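Structure, as structure tokens:
Numbering (the numbering used here), first residue to last: 319 to 611.
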């Protein structure tokens, strides 16, 4: 039984969807299926009930999931403790971030205090970053909305306003503010369904009282906004995004109704022992970014 097999099994078990798990793991679906099949062959029983494209954990799978999840957590924790004991862990922080213009100031001010610390920054899809956070491959996430996983702690940092973005030649572009219900017949370009920002977008539509017409869904906000800039639809942008500087052919409008805000927070795996440097950076971030508008 290999460690990779267990990691892949846990991903499939959480998503109960082979193709989605393959995307998150960045491998082919056939490779993932073969890995799961070899694991089941090694154990001696099937771990999933399969019916067509549907895949669900069975009784054996649920038992194995519970034990495997704990075993993997213990292994990663042991690795961290041994590295710290041997004093071979570098003074570094690995963090997944949003495209917020507040972050360069955060990093610069932390460097002034701790110039020898190496910061490794990532901008990964939310679900992939969450898995890396769970497995200890990154230390922290700056992300909107709490993460629904008992292992992850999320602390709010600040609240920022959300705006509508439309092409400059759009009829709404003559306005400075707009009620969201005015866009009910428009084509929207939105975040992919498993991105945290999509949950915020869905809440806005629910408050406005309509279901949007969606022309495109994507993981990368820069691509979404570029499509708006090219006149392919309308979308949203948050106040502190630095992507507004690339919208030379679009207009940003205030949303008058409903109130449109999101809360940005910092997340970490509370079941893992963090290094002194990671804890220092986390505390500095909370103090530096709290109540920023």
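The C-beta atom is built at its ideal place from N, Cα and C for all residues, glycine as well.
Treat the numbers as computed from the prediction; the structure is a model and nothing was measured.
Residue 359 sits exposed, since fewer than 16 C-beta atoms from the chains shown fall within 10 Å of its C-beta. Under the Cβ criterion (8 Å, minimum of three pairs), the segment 446-458 counts as touching the segment 411-430. Scanning 471, 461, 467 for the CA closest to the CA of residue 580 turns up 461.
7 Å or more divides the Cβ of residue 500 from the Cβ of residue 536. For residue 445, the secondary structure class from DSSP, reduced to helix, strand or coil, is helix. Listed as beta-bridge partners of residue 367 by DSSP are 374. As the crow flies, the alpha-carbon of residue 364 is around 10 Å from that of residue 356. In its chain, beyond the 5 residues on either side, 484, 569 have a beta carbon closer than 6 Å to the beta carbon of residue 491. In the three-state DSSP reduction, residue 505 falls in the strand class (E or B).
Sorting 503, 525, 418 by C-alpha distance to the C-alpha of residue 476 places 418 at the top.
Rounded to the nearest whole angstrom, the C-alpha separation of residue 431 and residue 585 is 22 Å. In the structure shown, the three-state DSSP call for residue 516 is helix. For residue 332, no beta strand (DSSP E) run applies; the uninterrupted alpha helix (DSSP H) run containing it begins and ends at 321-333, by DSSP.
Distance from residue 540 to residue 561 at the Cβ level is roughly 6 Å; contact confirmed, criterion being Cβ atoms closer than 8 Å.
Excluding residues up to 5 positions away in sequence, 415 lie with their Cβ nearer than 6 Å to the Cβ of residue 421 in the same chain. Nearest to residue 574 by alpha-carbon distance, out of 472, 481, 373, 519, is 481.
For residue 566, the secondary structure class from DSSP, reduced to helix, strand or coil, is coil. Scanning its chain for C-beta atoms nearer than 8 Å, with the 5 sequence neighbours on each side dropped, one finds around residue 588 the residues 469, 470, 471, in chain order.
A check of alpha carbon separations from residue 534 across 526, 497, 516 identifies 516 as the nearest. The beta carbon of residue 525 sits closer than 7 Å to those of 576, all from its chain and outside the five residues before and after it, given in chain order. Looking at the DSSP output, residue 583 sits in a beta bridge with 461, 474. The residues 506, 523, in chain order, have a CB closer than 6 Å to that of residue 530 in the same chain once the five nearest residues on each side in sequence are set aside.
Residue 379 has its alpha-carbon roughly 26 Å from the corresponding atom of residue 444. Inter-residue distance for residue 465 and residue 447 is about 11 Å (C-alpha atoms, whole angstroms).
With a 10 Å radius around the Cβ and a threshold of 16 neighbouring Cβ atoms, residue 600 comes out buried.
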